[in-house]
Every structure is written in C-alpha cells, then in structure tokens.
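Residue numbers (this note's numbering): 1 to 599.
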C-alpha cells in the first residue's frame, strides 16, 4: 500500500465479504485487523479478497507480527538506494535545464539538450521508479487507482514529450520534469520508510526487554530452554543478576527484584515465598524458584507491547475522514486532469486569455511562445502530481506510528490514535512522581549521626558491613562512602537477613545495618535516632539505621531525587496554559516536599 486510497480499497474489499464485522487497515504498519465470523469466512478467503483488490497479504494468526528488523532495514536500504539513484540522475538534468534556459520562459529545447534529458530521465523512471509503476499498474488493472497511479500517469505523460519532441512533433520536452517528479516522490517514500523503521526499532526495544532463555526444572534436572518455550506451571530457576523469564509466583527463595522497567519504582522490591514477580524484571541478589503463571501474550510486557501496537495501528478521526475522501479522490483527479488537458487542447484561446490574466499577479505564469499541445500536457501533468493528498494519506498515519513508538521508548504508553488528536484540547497534565519528575534511581541523600557521633563514622561502619552484601541499597551505600573518600574496613561474621538488614563485626564492635523494625526486634536502643527517623520519613526518604553494640548511632536517608530538567519542563507546560498535577503513592508531606523541590 502507498496511500490512503489503498487503505480504503483494502478495507472495502474485506468489509464486503459476508461475515466480516469490521476491517481496520493501517497504512504505516501495513496491517489489517479483521473481525469476522469464522463460520462464514476463513483467513484464506480474507487473504484472497485482498489479493483480488491488487495487493499481497498473509495471515499473522490473529496477532500483530513482531517487527522484522532485517526486513525493515532491507526496505530502508532499498528506499534509500532508489532515492539516491533518482537524484544522482535528476540533479544533472536540473542543472542542464538551468544552464540551457536560465530563468527564461519555456521554449523548444534543441535536440542535444532534449536527448540528454531523455537519456538521464529514463533510468530514473524505469529503475528507481519501477516499484511505483508496478503498484500503479496493479491498482489500475483492478479498477482501484491509487496515488501511485497518479504518479505513473503524470511522469509517463511528461516523459513521452521528450521522444515526441525528438521526433519533430510540436511539443515541449518535459522529460526532465518527469524525472524531478519521480525524485521528489521517492524522497517522500524514503522519509516515510525511515520513520516507520525508527518506530519499529522503538517497539523492538520493548520486545527485547524479555529474557531470551529460561532455566527450568524438568525431571529433577535444570534445563535451559528458549524464553518463548516456557509453559504455565513450569518451575523456573532464577539466579542473581538474571532476568525473570515470565510472570509467576515465588515458591521458594528470597531476593530483591528490580521492577523499575515495569513499575517505575526506583527501589528494589523484596520477594519471598508467595509473592508475584513480573517477567523481564531483574533478580538482583538472591536465589529464586518461581512457578510460571502467565506466558506469551498474557504476560505484563506482552500487554504493554500490544497497547503500543494498537496505538500505532489505530486511526485518528481526521485519518478516517481522509480514508473516506481518498476512496473517490483518485478517480475524480483523473477526470479533472483529462478535462484540463482537453480544455487546453480544444479551447486554447480562452485558456490563454485566462493564463494571461493570471500572469498579472502571478508573474511566473508564462504561456507566450509555447505550443498548445505542450501547454495541454503540462497542465494535465500538473493536476495529476499536485493533487496527491499525501499530507493526510501518508503523513498522518506515519506521524501517529512514530509518536506511539517514541512514546513507548521513553516510557509513555499511548492507548490509541484518538488520544493524540485530542491532546489539542488538554487543559490539565497529570505527572506521576517516580521516574517522571524524579530520576527513578535512588541514591544516598543524607547521613545524619546521633549525638556524639560523626557522619563519617556512621558511613564507614555501614559501608564496612554492607560491602559483603549484594543488596542494591547496600552497594549504593558502599559506593557513596568511597565517593566521599571513606574506604570500608574488613568485617567478620557477616550475616544477612533478606529484606531486613545485615550484621557483622567490625574492629571488634557488633554492627547492625537495616530497617528500623529490624534493629528494634534485635533489641537495639533507638532513642537517639527517633527524631532523625521521623524527619527522614517526613521527607520521603527510605531509612537505613546503623547501630553499634546495641546502640543506634545514626541514620542514612536514601531517596529518589528530582531530575535537573523537571522544573524547566513543568514551567514550559505551565507557559502553555496547562495546569500541572503530580500524583504519588507517598504520603502528602513527601509529595509537598517534591512539589517544592520541583518549583
């Protein structure tokens, strides 16, 4: 397909079939979503109907096919090659026209110039434009002419004037014009193909989030299988650092899982027996056995991909209008072009008089000294070429597809095309805090010691214990200490309590690091840090306490910080007259502080 007229033709061919409830064809993705009664139609009959309309088709088993990167890249290279060839030959033709005629009115070219223009234009049309011609002929043969048909007729009519002028007929040579028309047309095709390829790459980034392989238990053995081969009920073995292959439930083991790709929350989520996990998230530090509960199209990320594909394939209201118009547009344009040609040919004097009148305020309109047949051909070709409504027929679906793909790449899911068009009416913008206004990556924000203790001592003892831990927050504390020039000491008798904290002996002192609840259950005296804990919690910080020999000596605040550009982005939205609202799962005091830090 190459235009909105093609879309209308294919949709009409499908919806005319008995048992077909609806058919939605998307030009940019080259896909048709058909709702039909399987008792009255088969997929093979649907494919046959599309082929009878002059197009090729294949079944994708009821689901959108995953983008084929190699196929898309090949199509992009072919499109670039056709455009490059067209301009490599059209450029000299244009230079020749300028050199030989300057800015003078149209005239009869001498035979050497005419021959050069014909020889340079011929491969532009016959080689670079071959695919356009094939599509144009196919749709014309099936009596459903498309935009390619207009380009075919316009360029062939213009090119034929070259050989005719060489044969001595009284017609101007427009072979160079034919080459230019095809070069511009192929440039538009290349831009469209490149946009489609880039949107496909964005979607592939989502698809690549999933695990390529899975380790499953089979007859007491660990077997590595492709990720797509996992079945519901399979027991998965997930070691530290591995991706979780599919959605499931933890049946044994304890670990922290990075769910930021799915949930947007920056802090790892502790998992233990009975907890659910999401496919494509990362197991950070523990050993997990997970029973697969959802696979294939039913997984969380498969649903995300489906939303993006549906958005790319949906139609804007203005695009639906364009499809209806272009269904009858091409035949009407063909009629107008033929009428224009005949008017100039049969009534040259009145037409010249109109052109002379127009020249009074359109100085580039010059018809004096030009043969009537040349004017007739030129006017008819102009109608065919200029009438192509590519802005709505091509640009609209391509823009929709690119918007959905780029949005997904940046974490923005667009449910359907209508949402994009309706954005012109938006008055309120709601932003989630985590990962949108904030970085989505937590870091040590503050180290506050108890009375009589230094922050350096608190950080050194915490880092000394956490150095042996694989927990993300532990690694974060160690990295922060080293950035401050504090090197952790050696720790002995290290022990980790999953999801709670750690303990070890450092320099003969018994040190505990972890959640306030963990230290409280261990009998640690928290009196000296209660106010610090309350303040950290009020600020929205995750609290990590440090205790030595049964006495809390300080607290480390971990939090997700506001992005540098968030305030500027929010100000830009407000400058557009939009009201900006932040939503968060944190309590109101934390939200108010984030609001203040983001101005």
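Every residue, glycine too, gets a C-beta built ideally from N, C-alpha and C.
Quick caveat: nothing in here was measured; it's all calculated off a predicted structure.
Outcome for residue i when other beta-carbon atoms lying within 10 angstroms are tallied against a minimum of 16
{"i": "residue 98", "result": "exposed"}
{"i": "residue 107", "result": "Per-residue confidence for residue 107 stands at a pLDDT of 47, beneath the threshold of 50, marking its modelled position as unreliable; the derived number appears in the next sentence. So residue 107 counts as exposed."}
{"i": "residue 259", "result": "buried"}
{"i": "residue 357", "result": "exposed"}
{"i": "residue 90", "result": "buried"}
{"i": "residue 284", "result": "buried"}
{"i": "residue 400", "result": "buried"}
{"i": "residue 13", "result": "buried"}
{"i": "residue 665", "result": "No answer is possible for residue 665: the residues shown for the chain start at 1 and end at 599."}
{"i": "residue 576", "result": "exposed"}
{"i": "residue 436", "result": "buried"}
{"i": "residue 234", "result": "buried"}
{"i": "residue 460", "result": "buried"}
{"i": "residue 296", "result": "exposed"}
{"i": "residue 95", "result": "exposed"}
Cβ pair residue i, residue j closer than 8 Å
{"i": "residue 183", "j": "residue 230", "result": "no"}
{"i": "residue 373", "j": "residue 171", "result": "yes"}
{"i": "residue 428", "j": "residue 465", "result": "no"}
{"i": "residue 179", "j": "residue 120", "result": "yes"}
{"i": "residue 57", "j": "residue 50", "result": "yes"}
{"i": "residue 544", "j": "residue 553", "result": "no"}
{"i": "residue 508", "j": "residue 524", "result": "no"}
{"i": "residue 500", "j": "residue 510", "result": "no"}
{"i": "residue 272", "j": "residue 254", "result": "yes"}
{"i": "residue 35", "j": "residue 174", "result": "no"}
{"i": "residue 317", "j": "residue 418", "result": "yes"}
{"i": "residue 80", "j": "residue 127", "result": "no"}
Sequence-distant residues of its chain with Cβ nearer than 6 Å to residue i (five each side left out)
{"i": "residue 496", "result": "469 and 502"}
{"i": "residue 148", "result": "2, 132, 135 and 136"}
{"i": "residue 387", "result": "333"}
{"i": "residue 185", "result": "151"}
{"i": "residue 532", "result": "448 and 555"}
{"i": "residue 431", "result": "437 and 582"}
Contacting residues, own chain, Cβ-Cβ under 8 Å from residue i (five flanking each side not counted)
{"i": "residue 105", "result": "Here residue 105 scores only 45 on pLDDT, less than 50, and its place in the model should not be relied on; the value that follows carries that caveat. Once the five neighbours on either side are set aside, the close Cβ partners of residue 105 are 366, 368, 369 and 370."}
{"i": "residue 413", "result": "304, 307, 308, 311 and 407"}
Pairwise C-alpha distance: residue j and residue i
{"i": "residue 458", "j": "residue 565", "result": "33 Å"}
{"i": "residue 143", "j": "residue 10", "result": "13 Å"}
{"i": "residue 129", "j": "residue 350", "result": "37 Å"}
{"i": "residue 487", "j": "residue 425", "result": "56 Å"}
{"i": "residue 598", "j": "residue 567", "result": "Because residue 598 carries a pLDDT of 49, less than 50, the predicted location of this residue cannot be relied on, and the following value inherits that uncertainty. One C-alpha to the other measures close to 5 Å."}
{"i": "residue 33", "j": "residue 346", "result": "49 Å"}
{"i": "residue 189", "j": "residue 164", "result": "30 Å"}
{"i": "residue 256", "j": "residue 454", "result": "30 Å"}
{"i": "residue 248", "j": "residue 218", "result": "17 Å"}
{"i": "residue 493", "j": "residue 537", "result": "31 Å"}
{"i": "residue 65", "j": "residue 71", "result": "Only weak support is given to the placement of residue 65: the predicted model assigns it a pLDDT of 48, under 50, and the value that follows is read from those uncertain coordinates. Those two C-alpha atoms are separated by around 12 Å."}
{"i": "residue 82", "j": "residue 194", "result": "13 Å"}
{"i": "residue 328", "j": "residue 141", "result": "16 Å"}
{"i": "residue 528", "j": "residue 450", "result": "6 Å"}
{"i": "residue 187", "j": "residue 232", "result": "49 Å"}
{"i": "residue 139", "j": "residue 53", "result": "7 Å"}
{"i": "residue 8", "j": "residue 152", "result": "20 Å"}
{"i": "residue 75", "j": "residue 192", "result": "11 Å"}
{"i": "residue 19", "j": "residue 321", "result": "25 Å"}
{"i": "residue 561", "j": "residue 518", "result": "26 Å"}
{"i": "residue 535", "j": "residue 60", "result": "57 Å"}
{"i": "residue 421", "j": "residue 403", "result": "11 Å"}
{"i": "residue 354", "j": "residue 87", "result": "35 Å"}
Residues bridged to residue i (per DSSP)
{"i": "residue 173", "result": "Answer is none; residue 173 lacks a bridge partner."}
{"i": "residue 253", "result": "288"}
{"i": "residue 502", "result": "496 and 513"}
{"i": "residue 446", "result": "557"}
{"i": "residue 565", "result": "None; residue 565 has no bridge partner."}
{"i": "residue 525", "result": "551"}
{"i": "residue 491", "result": "506"}
{"i": "residue 582", "result": "431"}
{"i": "residue 542", "result": "558"}
{"i": "residue 243", "result": "282"}
Closer than 8 Å to chain B by CB, residue i
{"i": "residue 131", "result": "In the displayed structure, chain B is absent; only one protein chain is listed."}
Same chain, Cβ closer than 7 Å to residue i, neighbours up to 5 away in sequence not counted
{"i": "residue 210", "result": "227, 279, 280 and 301"}
{"i": "residue 340", "result": "379, 380 and 383"}
{"i": "residue 245", "result": "211, 214, 227, 230, 236 and 279"}
{"i": "residue 444", "result": "476, 477, 480, 556 and 558"}
{"i": "residue 261", "result": "209, 280 and 281"}
{"i": "residue 526", "result": "516, 519, 520 and 552"}
{"i": "residue 114", "result": "162, 165, 166 and 173"}
Heavy atom of the ligand MG within 7 Å of residue i beta-carbon
{"i": "residue 147", "result": "This structure lacks the ligand MG, and indeed carries no ligand of any kind."}
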